[in-house]
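Asker: Sequential numbering from 1 applies to the sequence shown in the working numbering.
Sharing a structure, written as structure tokens. Questions coming.
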Amino acid sequence: MLKKWIDEIRAKSNLYKTECWKYHLSGNVIELSILPAYLKQNESYRCSVIAVGQVLNALSKKIEKGHLNFHIQSFPNLESPEIVAAIRTGEKNEFTGNSTWKKVIDSDDQDAISMIYKYAERYQLDVQKADNLSQADPNKEIPFEDYPTWLALYSRFNNPFTWLNIGYLKECLRYDFSNSSKSEQLRIIDFCSINTKQYPNLKVPENKFIQSLIGIRSMNM
Numbered sequence: 001m002l003k004k005w006i007d008e009i010r011a012k013s014n015l016y017k018t019e020c021w022k023y024h025l026s027g028n029v030i031e032l033s034i035l036p037a038y039l040k041q042n043e044s045y046r047c048s049v050i051a052v053g054q055v056l057n058a059l060s061k062k063i064e065k066g067h068l069n070f071h072i073q074s075f076p077n078l079e080s081p082e083i084v085a086a087i088r089t090g091e092k093n094e095f096t097g098n099s100t101w102k103k104v105i106d107s108d109d110q111d112a113i114s115m116i117y118k119y120a121e122r123y124q125l126d127v128q129k130a131d132n133l134s135q136a137d138p139n140k141e142i143p144f145e146d147y148p149t150w151l152a153l154y155s156r157f158n159n160p161f162t163w164l165n166i167g168y169l170k171e172c173l174r175y176d177f178s179n180s181s182k183s184e185q186l187r188i189i190d191f192c193s194i195n196t197k198q199y200p201n202l203k204v205p206e207n208k209f210i211q212s213l214i215g216i217r218s219m220n221m
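Written out as structure tokens, the structure reads:
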């Protein structure tokens, strides 16, 4: 089943950036690693790790729906940065505390902003409302006007563990807003296709790193 599930994810190449990572399956363990071409520059490596975070989250959901549990080991060998994570499956109750994808809010009455704040807390990110963003985008590459509310996500550290958490968060939000009535309510900018250096007017708190901008079209889910 693991091969079936990971191949289903790889079939969605645009969503999960399958050109930048590969997997190795051995028994009940899948190892995910970055391809050599994407290790050469920090930005390409960052975006590849974010993609693997999304993959891990999507795969976790499939594993739990298959009535199994799992354990994720992130960066098992720090001397080999290409190996991002290994995920091992097991019977229910064999592992605990490993679900990365479950909703943090069960009520449909909760709004998107509350959901983002709760996910950010889970993944050790800070959230701040972003104002006057249109002035920070002279090239009009980001549709700031299309989303009345924007939140900026910051981190204390700018390292691969942080980038993996960005991927987890992205996939959580994508899953929660995946149905047709909600899919257009969020726009997530992770600065992979758009470089933060192009936006010097973005106000970043001292000793923080901006990781993402999230535009919200509707306050309610």
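For every residue, glycine included, the Cβ atom is placed at its ideal position computed from N, Cα and C.
Assign proline 160 to buried or exposed, taking buried as 16 or more other Cβ atoms, counted over all protein chains shown, within 10 Å of its Cβ.
Answerer: With 16 or more other Cβ atoms within 10 Å, it is buried.
Asker: Isoleucine 113 to aspartate 176, Cα distance in whole Å?
Answerer: Just so you know, the alpha carbons of isoleucine 113 and aspartate 176 end up roughly 13 Å apart.
Asker: Take threonine 149 and list the residues in its own chain whose beta-carbon comes closer than 6 Å to its own, dropping the five residues that flank it on each side.
Answerer: Ile216
Asker: Count the other C-beta atoms from every protein chain shown that fall within 10 angstroms of the C-beta of serine 33, then say buried if there are 16 or more, exposed otherwise.
Answerer: buried
Asker: Taking the straight line between their C-alpha atoms, what separation do you get for glutamate 64 and leucine 151?
Answerer: Here the alpha carbon of glutamate 64 sits roughly 31 Å from the alpha carbon of leucine 151.
Asker: Is the region 13-23 in contact with the region 44-63, if contact means three or more CB pairs nearer than 8 Å?
Answerer: yes
Asker: CB leucine 164 to CB valine 29, shorter than 8 Å?
Answerer: Contact flag unset, no.
Asker: Taking lysine 61 as the reference, which of Glu8, Asn42, Ser44 has the closest Cα?
Answerer: Ranking the options by Cα distance to lysine 61, first place goes to Glu8.
Asker: Using CA coordinates, which residue listed in Glu206, Leu202, Asn207 is at the minimum distance from leucine 213?
Answerer: Leu202 is the residue among Glu206, Leu202, Asn207 whose C-alpha sits nearest the C-alpha of leucine 213.
Asker: Quick one: using the 10 Å Cβ neighbour count with 16 as the cut-off for buried, is valine 204 buried or exposed?
Answerer: exposed
Asker: Please state whether DSSP places aspartate 176 in a helix, a strand or coil.
Answerer: helix
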